[in-house]
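For the sequence shown, the working numbering gives the first residue as 37, with consecutive numbering after it.
In what follows, a structure is listed as structure tokens, so that the remarks can point back to it.
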Amino acid sequence: MTDYLQVVSTASSQEEAVRLAWGATEARLAAGVQIMGPIRSIYWWGGKIQDAEEWRLVIKTTSDALPALESYIKANHGYEVPEIVATPIVAGSVEYLSWVRAVTTQDRS
37 MTDYLQVVST ASSQEEAVRL AWGATEARLA AGVQIMGPIR SIYWWGGKIQ DAEEWRLVIK
97 TTSDALPALE SYIKANHGYE VPEIVATPIV AGSVEYLSWV RAVTTQDRS
């Protein structure tokens with residue numbers, strides 16, 4: 037697994053997105069989170085196509101922090117099945133990736 041990841045999730049409101057971003061960042065599960073929205077999502081749920089406004093979170097983290105980040109999102113998200121998709125960061129500036137590593141490896145207590 038790659039050491040650095042971008043994790044994407046969505047939330048049903050800006051308030052929920054901000055709450056999730058603050059919580060993940062305060063817990064050092066994320067070095068930083070970008071929130072974009074509103075976005076329009078069309079997807080299958082409950083046996084029919086849904087059309088909803090959502091907010092997208094792009095979370096910068098490490099593979100070591102991913103299990104705890106996934107647990108955090110599942111425990112604090114309003115969706116029954118929240119989107120949690122991790123994409124490897126295969127290259128980046130040494131300074132930026134060092135910052136991501138430093139933040140997410142500091143004491144999380």
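All residues carry an ideal CB built from backbone N, CA and C; glycine is no exception.
Taking 7 Å as the cut-off, is the CB of R92 close to at least one heavy atom of the ligand MN?
With respect to the ligand MN, the structure shown offers nothing to examine, as it has no ligands at all.
Let me know the secondary structure DSSP gives S129 once reduced to three states.
Within the sequence shown, numbered from 1, the residue matching residue 129 stands at position 93. DSSP, read as helix, strand or coil, puts S129 in coil.
Under three-state DSSP, which class holds S107?
For this step, residue 107 is matched to residue 71 along the sequence shown. The answer is helix: DSSP assigns S107 an H, G or I state.
Less than 8 Å between the CB atoms is what I'm expecting for I75 and D87, so what's the real figure, rounded?
As a position in the sequence shown, residue 75 is number 39, starting the count at 1. As a position in the sequence shown, residue 87 is number 51, starting the count at 1. That pair is no contact at about 12 Å.
Three-state secondary structure (DSSP) at R76?
Taking the sequence shown and counting its residues from 1, one reaches residue 76 at position 40. Strand at R76.
Between the CA atoms of G83 and V16 - distance to the nearest angstrom:
Nothing can be reported for residue 16: it is not among the residues displayed for the chain, which extend from 37 to 145.
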